[in-house]
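S.K.:
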Amino acid sequence: MTHLSSPLKSAEWLVDHLPDANLRVLDCRYALSDPLVGRIAYMKGHVPGASYADLETDLSGPVQEDGAGGRHPLPHPAALAQWLGGVGIGNDSVVVAYDDPSTGQGFYAARAWWLLRWLGHTQVYVLDGGWPAYLAAGGSVDAADPEHAPVTFTPDVQPGFVATAEDVQNRAPDTLLIDSRAPARYRGETEPMDRKAGHIPGAVNRDWSGALDGAGHWRDGGLQADRLDAENAPTITYCGSGVSATPNLLARELAGVPLGPANRLYAGSWSDWISDDARAMALGEEGGE
């Protein structure tokens, strides 16, 4: 197993390190069902100094009319770098991202984590347990907008972190394709977000929520490896639009498999896959749950 520094920080660590001059915090709370929920929660109270990271406007690029790239396309690296610099995040910043796993959607901080890693930033972490853990650790709450001076963030894009639809279609026989959505969506029994139901042929279902325990904390690396077959094959992981898949990529890092050719995100995911009607789809179970 490869030794990696943990992609997580504890709430206690965050409370202790809030005074650090190079610390920057991203509040990623959001709800796909109501895009204003997270911003309203942020305005009511957040980690002091935290900047709000909006999934739609900050952590995603513009949606294309033909659907190519999916519902949450990757932002252009230059645009993301400009936004990061604008909230005071530079190449020497230590960044901690948090969301609220108690809502059942604890995957937005992992999206921010993955994006910064994609831009070559290694000092980025997800807050284990998220907002509830921070409050339980006695963290202070502030409603004021942060005042971070703009800096320059220079991206170093890691193309090996990303898989395209063509990569998925032409994947090697030993590559495990992981669908991170809920089992009913994987089987095609329901589809609340996209115009077609089902999954990519050959994919196995590993619901992203299994990466967390009942309290919203990340399970340890051994459990993640067992859940994801992380030590047995290189993987390409997808979900509906490249957001809820990111916890499974972080989980593989916990299991000792770094982001890269053996641990890639199909960024456009299912919503990109179905933008081309010629691509095959499957229904029902396949490869086990």
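Sequence positions in the sequence shown follow the numbering used here and run 100 to 388. Built from N, CA and C at the ideal position, the CB exists for glycine as well.
Should ASP306 be labelled buried (16 or more other beta-carbon atoms within 10 Å of its own) or exposed?
M.R.: Within the sequence shown, numbered from 1, the residue matching residue 306 stands at position 207. Its Cβ being crowded by 16 or more others within 10 Å, ASP306 is buried.
S.K.: Would you identify the three-state DSSP class for ARG363, choosing helix, strand or coil?
M.R.: Numbered from its first residue, the sequence shown carries residue 363 at position 264. DSSP places ARG363 in strand when its eight states are reduced to three.
S.K.: Please state the DSSP three-state secondary structure of ASP266.
M.R.: Numbered from its first residue, the sequence shown carries residue 266 at position 167. Reduced to three states, the DSSP call for ASP266 is helix.
S.K.: Could you give the DSSP three-state label for ILE335: helix, strand or coil?
M.R.: Counted from its first residue, the sequence shown places residue 335 at position 236. If DSSP states are grouped into helix, strand and coil, ILE335 belongs with the strands.
S.K.: For the alpha helix (DSSP H) containing ARG210, list its first residue and its last residue.
M.R.: As a position in the sequence shown, residue 210 is number 111, starting the count at 1. 207-217 is the extent of the alpha helix (DSSP H) around ARG210.
S.K.: Apply the 10 Å Cβ neighbour rule to LEU311 and answer buried if 16 or more other Cβ atoms are within range, or exposed otherwise.
M.R.: Position 212 of the sequence shown holds residue 311. The residue in question, LEU311, is buried, as its Cβ has 16 or more Cβ neighbours within 10 Å.
S.K.: Just to confirm, are CYS338 and SER368 a CB contact at a threshold of 8 Å?
M.R.: On the sequence shown, residue 338 is found 239 positions in, with the first residue counted as 1. On the sequence shown, residue 368 is found 269 positions in, with the first residue counted as 1. For CYS338 and SER368, yes; Cβs fall inside 8 Å.
S.K.: Going by C-alpha distance, which of PHE252, LEU179, TYR207 and ALA283 is nearest GLY341?
M.R.: Working through the sequence shown from its first residue, we reach residue 341 at position 242. Per the Cα distances, TYR207.
S.K.: Quickly, what does DSSP pair LEU125 with across the bridge? List them, please.
M.R.: Here the question's residue 125 lines up with position 26 in the sequence shown. DSSP output for LEU125 lists SER150 and ALA196 as bridge partner(s).
S.K.: Please classify THR251: is it buried, with 16 or more other beta-carbons within 10 angstroms of its beta-carbon, or exposed?
M.R.: If you number the sequence shown from 1, residue 251 lands on position 152. It is exposed - the Cβ of THR251 has fewer than 16 other Cβ atoms within 10 Å.
S.K.: Look at ASP227 and HIS316 and say whether their C-beta atoms are less than 8 Å apart.
M.R.: Working through the sequence shown from its first residue, we reach residue 227 at position 128. Working through the sequence shown from its first residue, we reach residue 316 at position 217. Their beta carbons are under 8 Å apart, which means ASP227 touches HIS316 by this criterion.
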